[in-house]
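Q: Below you will find the structure I want to go over with you.
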Amino acid sequence: MASEEQKALALFIKEVHSALRRTSLHIGPNKAWLEHVKNTDVLENYAACMNKLATTYWDANSAKDCNDVVSRIEWSAAFCLDYFVNKLYLKYREKDIQIGSKILCISVDTKENFGTPIQLIDVGSCYNPFKIFDFLSVFPIDLCPANDGVFQCDILSVNLGSKTELDGTKVVQLQVSSFDVVTFCFVLEYIPDSKLRIEACVKAYDLLKPGGLLIINTPDSKHVGANFKIMKCWRYTLAHIGFSRIKYEKFKHMHCMAFRKSIHKDIAVRWAKLHKEPYMEYTMNIPQDFCHTSDIKNFLSTKTVTTFDDLKELPFCDDIVG
């Protein structure tokens, strides 16, 4: 059973997300995001709530079978291990080569160079949960880090260039094609608009080495088919960017997906063209985008009735059982 503190922390997180989406409807997503990243009070409270949920309630519930929050980290790390260390990527490389050379008649001589440890950039890291895996070299970034081990960075505005540049713990520039893995663990639903989510995924594409992985975990407490059109649009959109989906699992409260940066963009685009359905568009919407309710007024003080279904839509929501 969730404690009152758990509910209060989760409600704050939910209302930050909701308020940001509502603001974006009024003034536009770009301006809303720029205002949000300057709101240090909200960001610091958000980071503190996330850290408290993770390090207190997540740790306490980590042994429970129903805890999918642990799964999102372990699922991502386990697939990285299989893909890179166990060389599963060779299977997908061969598939890319076959499609490229025999069907598309394009040259696919791009090399895939992955060493150890695996170079992973964790976007929206909060407290760097991937640090426990010794086969990963983690570069954790967050809008407002919960501890000194995480770098401050806005993935939407950060410059990309020939090398990574830091100003203390603030990221000034990230090096293109320098990471084996980009993780978006409960991140895209924080971003208030489809176009901005796509921008984040384009940034991920540019940061990855050829054949690298984009791992996305996104919360969804409904049954596997409830939001299938939304997930299909994500796959369609990411294919146009240059990603091929190579793993998908739906758990009780979330979708877990792994996308490979194809060694030639046209290979991924081919899938999108072949599997285009009338409802598919170049969008990355979330269910909450279609909930146009009244504005949240002063969410720091408003009393709201919290239901379990509300909490299941949030990062670390799976800590809140019952």
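Residue numbering for the sequence shown follows full-length UniProt numbering, starting at 1 and increasing by one per position.
Note that CB positions come from ideal geometry on N, CA and C, so glycine has one too.
Taking the straight line between their C-alpha atoms, what separation do you get for residue 56 and residue 45?
A: Cα to Cα, the separation comes out at about 16 Å.
Q: Just to confirm my understanding: we take residue 164, look at its own chain, exclude 5 residues before and 5 after, and list those with CB closer than 6 Å. What are they?
A: Within the same chain, residue 164 has close Cβ partners 174 and 175.
Q: Can you check DSSP and say which residues form a bridge with residue 235?
A: In the DSSP output, where bridge partners are listed per residue, residue 235 has none listed.
Q: Would you mind reading off the limits of the beta strand (DSSP E) that contains residue 254?
A: 254 to 261 is the span of the beta strand (DSSP E), which, as asked, contains residue 254.
Q: Considering only C-alpha positions, which residue in the set 27, 83, 85 and 126 is nearest to residue 54?
A: With distances taken between Cα atoms, residue 54 lies closest to 126.
Q: How far does the beta strand (DSSP E) with residue 185 in it reach, from first residue to last?
A: Its beta strand (DSSP E) spans residues 179 to 185.
Q: Since residue 259 and residue 238 are thought to touch, with beta carbons under 8 Å apart, how far apart are those beta carbons, to the nearest angstrom?
A: With 8 Å as the limit, residue 259 and residue 238 qualify as a contact, their Cβ atoms being about 6 Å apart.
Q: If you follow the beta strand (DSSP E) that residue 167 is in, where does it begin and where does it stop?
A: Note, residue 167: beta strand (DSSP E), 165 to 167.
Q: Between which two residues does the beta strand (DSSP E) carrying residue 134 extend?
A: Where residue 134 is concerned, there is no enclosing beta strand (DSSP E), given that its DSSP letter is neither H nor E.
Q: Are three or more beta carbon pairs between the segment 233 to 253 and the segment 218 to 225 nearer than 8 Å?
A: As far as the Cβ criterion goes, the segment 233 to 253 touches the segment 218 to 225, which means the pair count is three or higher.
Q: Could you check the C-alpha separation between residue 100 and residue 49 for me, to the nearest Å?
A: Using only the alpha carbons, I get a separation of about 47 Å.
Q: Give a yes or no on whether the C-beta atoms belonging to residue 180 and residue 209 are separated by under 8 Å.
A: Yes. Within cutoff.
Q: Going along the chain, which residues of its own chain have a beta-carbon closer than 6 Å to the beta-carbon of residue 177, five neighbours each way excluded?
A: Hits under 6 Å: 209.
Q: Mind checking residue 135: buried by the 16 CB within 10 Å criterion, or exposed?
A: By the 10 Å Cβ count, residue 135 comes out exposed.
Q: Count the other CB atoms within 10 Å of the CB of residue 159; is the residue buried (16 or more) or exposed (fewer)?
A: Per the 10 Å Cβ criterion, exposed.
Q: If distances are taken between C-alpha atoms only, which option among 240, 86, 20 and 150 comes closest to residue 122?
A: The shortest C-alpha separation from residue 122 is found at 150.
Q: Could you check how far apart the C-beta atoms of residue 411 and residue 144 are, in whole angstroms? I think they sit under 8 Å.
A: Residue 411 lies beyond the stretch modelled for the chain, which goes from 1 to 322, so this question has no answer here.
Q: So what does residue 140 bridge to, in DSSP terms?
A: Note: residue 140 sits in a beta bridge opposite 122.
Q: When you compare each of 244, 266, 138 and 287 to residue 107 by their alpha carbons, which one comes out closest?
A: When each option's Cα is compared against that of residue 107, the closest is 266.
Q: Tell me where the beta strand (DSSP E) around residue 247 begins and ends.
A: Run containing residue 247: 243 to 250, per the beta strand (DSSP E) assignment.
Q: In this structure, what does DSSP give as the bridge partners for residue 171?
A: For residue 171, which the question treats as bridged, DSSP gives the partners 166.
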